[in-house]
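Engineer:
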Amino acid sequence: MPVTNDAVKKIEEDLNSQKQLELNVEASQAPLKDIHTKDSKEYIQRKRNEKLNEISTSQTDLNENLDIKTKNVTTNQESSESIKSDRNDEKSITDEKSTTDEKSTNDEDDSDSSDDFGNFSDASFEDEELENEENSALSFIDHLLNIPVPNSTAEKDTSNQYHLNQLIQEDRPAVIYEQLVRYQSVLQPIIWNRSDLKYSLLHKLRITEHGNTNHGDFVPSNNYNNRNQHHFRHLNNNIINTDSFDSDQIDIPPLDDRLFTKILGMVNSESARLHADSHPLRETFKLKYVPSLTPIELQNERAHEQETKIPSLISKDSNDLELLTEQQLRAYHDELCNAIDTLCIKLQELNGEQAVLTADKLTYENVITNLSGHTQRLYRDEVENYNKKRENQNRKRKIDLVGLVYNISYFS
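Numbering (the UniProt record's numbering), first residue to last: 1 to 412.
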């Protein structure tokens, strides 16, 4: 709350009147001798008690008025009218106090002058009381005006105002402020199918992913996988993914590829030629199975039908094969052997076509090479003939020119 000139003047007038009052009291008092009687001590004690009671009552009144004024100042701080009214109240209070002080001092002077023992106003306790009263009045004015000294300016209420430096004094707010404002880091987009959050939610809620037959899209991070590797393998008991198991934990025997290498050697050999109605697994490797008894006219259609069935035969799972009967397994074995025979014949035919195409390619390259060489030879021959013809013509011109010069010189 700002301090006006009227308030400052009022405070100065109060101080001047207080000093003038002290001077009048000192001038009216006469020097007294030291009195050490019992009556004088009782009188001094009684006067001291009365003065202390007056000071305590005035102090309580001042405190009550101070509470009332502080409430009024806080509620009506922004309005100028309330400030003026508070100052008027202050002026009236100080006037009343000064009048009461003058009356009390006059009464004391009368009583002291009429007393047989003289005036005791120059005692040391009266100076302390005056100082206490002066300090209490000044403190009341200071609290009322919300200023420490008369000529100082009032401080603004900044209890609800905060600065940025005050808010980020602690470590955590400072780190968050730097990451969001100063560094301006680009946040990476989250991949939900590969996030740890998805796995933790599914694990806590005990929810399995229905319709997701491939766990390759649902792989947590390495640290999280090390902690929950056992549970992650058993998220869905109906789906078995061999990629999530280690080869050291499961003893899988290696496949025997000797038959495969023998079949490739037979297909690539030029001596063993296969026909459309041949059965290489039965004839060459002595495997027992029922061959397809298809007429020669329908061999091509049968081969095409078997080629279309090969993906379905290969895609069957071992769990499905365990459910088949012995007769169904024999039929499946026969179909696989016939499909292998068809593939061997087809592969050998393709190898033969590849060999023919390779030979044709080499022949074409040789022809192109010969033609390019022949054209280069023809070009060189033509250039050589042209140069010879040009030299002969130049020689003739030189001979004719020499003969002409000789004839001219001879006849001249």
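Glycine is no exception: its CB is placed at the ideal position from the N, C-alpha and C atoms.
Would you call the CB atoms of PRO291 and HIS279 closer than 8 Å?
Structural biologist: Along the sequence shown, read from residue 1 onward, the residue named residue 291 stands at position 291. Along the sequence shown, read from residue 1 onward, the residue named residue 279 stands at position 279. The answer is yes: Cβ separation under 8 Å.
Engineer: Measuring CB to CB, does PRO173 end up less than 8 Å from LEU180?
Structural biologist: Translated into the one-based positions of the sequence shown, residue 173 becomes position 173. Translated into the one-based positions of the sequence shown, residue 180 becomes position 180. The beta carbons of PRO173 and LEU180 sit no closer together than 8 Å.
Engineer: In whole angstroms, what separates the C-alpha of ASP14 from that of ILE55?
Structural biologist: In the sequence shown, the residue the question calls residue 14 occupies position 14. In the sequence shown, the residue the question calls residue 55 occupies position 55. Approximately 18 Å, taken between the alpha carbons.
Engineer: Output the distance between the C-alpha atoms of GLN376 and ASP400, rounded to the nearest integer angstrom.
Structural biologist: Position 376 of the sequence shown, counting from 1, holds the residue named residue 376. Position 400 of the sequence shown, counting from 1, holds the residue named residue 400. Between GLN376 and ASP400, the C-alpha separation is close to 37 Å.
Engineer: Please classify LYS288: does DSSP put it in a helix, a strand, or coil?
Structural biologist: Stepping through the sequence shown from its first residue, residue 288 is reached at position 288. Correct three-state label for LYS288: coil.
Engineer: Give me the Cβ distance between LEU259 and CYS344, rounded to the nearest whole Å; I'm assuming they're in contact under 8 Å.
Structural biologist: Start at 1 with the first residue of the sequence shown, and residue 259 comes out as number 259. Start at 1 with the first residue of the sequence shown, and residue 344 comes out as number 344. Between LEU259 and CYS344, the beta carbon gap of about 12 Å keeps them out of contact (Cβ cut-off 8 Å).
Engineer: Going straight from the alpha carbon of HIS163 to that of GLN169, what length do you get?
Structural biologist: Against the sequence shown, residue 163 aligns to sequence position 163. Against the sequence shown, residue 169 aligns to sequence position 169. Near 10 Å, if we compare the C-alpha coordinates of GLN169 and HIS163.
Engineer: Spatial neighbours of ASP341 within its chain, please: C-beta separation below 7 Å, excluding the five flanking residues on both sides.
Structural biologist: Here residue 341 refers to the residue found at position 341 when the sequence shown is read from its first residue. Cβ neighbours of ASP341 beyond the five flanking positions: HIS279, PRO280, LEU281.
Engineer: Could you give the DSSP three-state label for GLN393: helix, strand or coil?
Structural biologist: Residue numbering aside, residue 393 sits at position 393 when the sequence shown is read from its first letter. Helix, per DSSP.
Engineer: Taking buried to mean at least 16 other C-beta atoms within 10 Å of its own C-beta, is ILE11 buried or exposed?
Structural biologist: Walking along the sequence shown from the start, residue 11 turns up at place 11. Per the 10 Å Cβ criterion, buried.
Engineer: Ignore the nearest five residues each way along the sequence and tell me which others in GLN327's own chain have a CB closer than 6 Å to its CB.
Structural biologist: For the purposes of this step, residue 327 is taken as the residue at position 327 of the sequence shown. Hits under 6 Å: none found.
Engineer: Can LEU336 and VAL267 be called in contact, C-beta distance under 8 Å?
Structural biologist: Here residue 336 refers to the residue found at position 336 of the sequence shown. Here residue 267 refers to the residue found at position 267 of the sequence shown. Against a cut-off of 8 Å, the Cβ pair of VAL267 and LEU336 comes out as no contact.
Engineer: Quick check: the Cα distance between GLU365 and LYS389, rounded to an integer number of angstroms?
Structural biologist: Counting from one through the sequence shown, the residue named residue 365 turns up at place 365. Counting from one through the sequence shown, the residue named residue 389 turns up at place 389. Near 36 Å, if we compare the C-alpha coordinates of LYS389 and GLU365.
Engineer: By how many angstroms is the C-alpha of THR325 removed from the C-alpha of LYS309?
Structural biologist: Sequence index remark: in the sequence shown, residue 309 carries index 309 (1-based). Sequence index remark: in the sequence shown, residue 325 carries index 325 (1-based). Approximately 21 Å between the Cα atoms of the pair.
Engineer: Quick one: using the 10 Å Cβ neighbour count with 16 as the cut-off for buried, is GLN306 buried or exposed?
Structural biologist: The sequence position of residue 306 within the sequence shown is 306, counting from 1. By the neighbour-count rule (16 or more Cβ atoms within 10 Å), GLN306 is buried.
Engineer: So what does DSSP say about ASN351, is it helix, strand or coil?
Structural biologist: Locating residue 351 in the sequence shown gives position 351, counting from the first residue. Three-state result, ASN351: helix.
Engineer: Quick check on PRO189: does DSSP put it in helix, strand or coil?
Structural biologist: Here residue 189 corresponds to residue number 189 of the sequence shown, with the count starting at 1. Note: PRO189 maps to coil in three-state DSSP.
Engineer: Could you tell me the boundaries of the alpha helix (DSSP H) in which ASP256 lies?
Structural biologist: Taking the first residue of the sequence shown as position 1, residue 256 is located at position 256. Premise fails: ASP256 is in no alpha helix (DSSP H) and is neither H nor E.
Engineer: Could you tell me whether the Cβ atoms of LYS262 and PHE285 are closer together than 8 Å?
Structural biologist: Along the sequence shown, one-based indexing puts residue 262 at 262. Along the sequence shown, one-based indexing puts residue 285 at 285. Yes, these two residues count as a Cβ contact at 8 Å.
Engineer: Taking the alpha helix (DSSP H) that ARG172 falls in, what are its first and last residues?
Structural biologist: On the sequence shown, residue 172 is found 172 positions in, with the first residue counted as 1. ARG172 -> alpha helix (DSSP H) spans 171 to 177.
Engineer: Return the CA-CA distance between ARG380 and TYR386, expressed in angstroms with no decimal places.
Structural biologist: Position 380 of the sequence shown holds residue 380. Position 386 of the sequence shown holds residue 386. Near 10 Å, if we compare the C-alpha coordinates of TYR386 and ARG380.
Engineer: Going straight from the alpha carbon of residue 413 to that of ASP256, what length do you get?
Structural biologist: The question about residue 413 has no answer, for the chain in this structure spans 1 to 412.
Engineer: Compare the beta carbon distance of ALA339 and LEU313 with 8 Å and say whether it is the shorter of the two.
Structural biologist: For the purposes of this step, residue 339 is identified with residue 339 of the sequence shown, where counting begins at 1. For the purposes of this step, residue 313 is identified with residue 313 of the sequence shown, where counting begins at 1. Going by C-beta atoms, ALA339 is nearer than 8 Å to LEU313.
Engineer: Find the nearest neighbour of ASN288 within the set ASP334, GLU301, LEU264, judged by alpha-carbon distance.
Structural biologist: As a position in the sequence shown, residue 288 is number 288, starting the count at 1. It is worth fixing the name first, because residue 288 is Lys in this sequence and not Asn. Nearest in C-alpha terms to LYS288, of all of ASP334, GLU301, LEU264, is ASP334.
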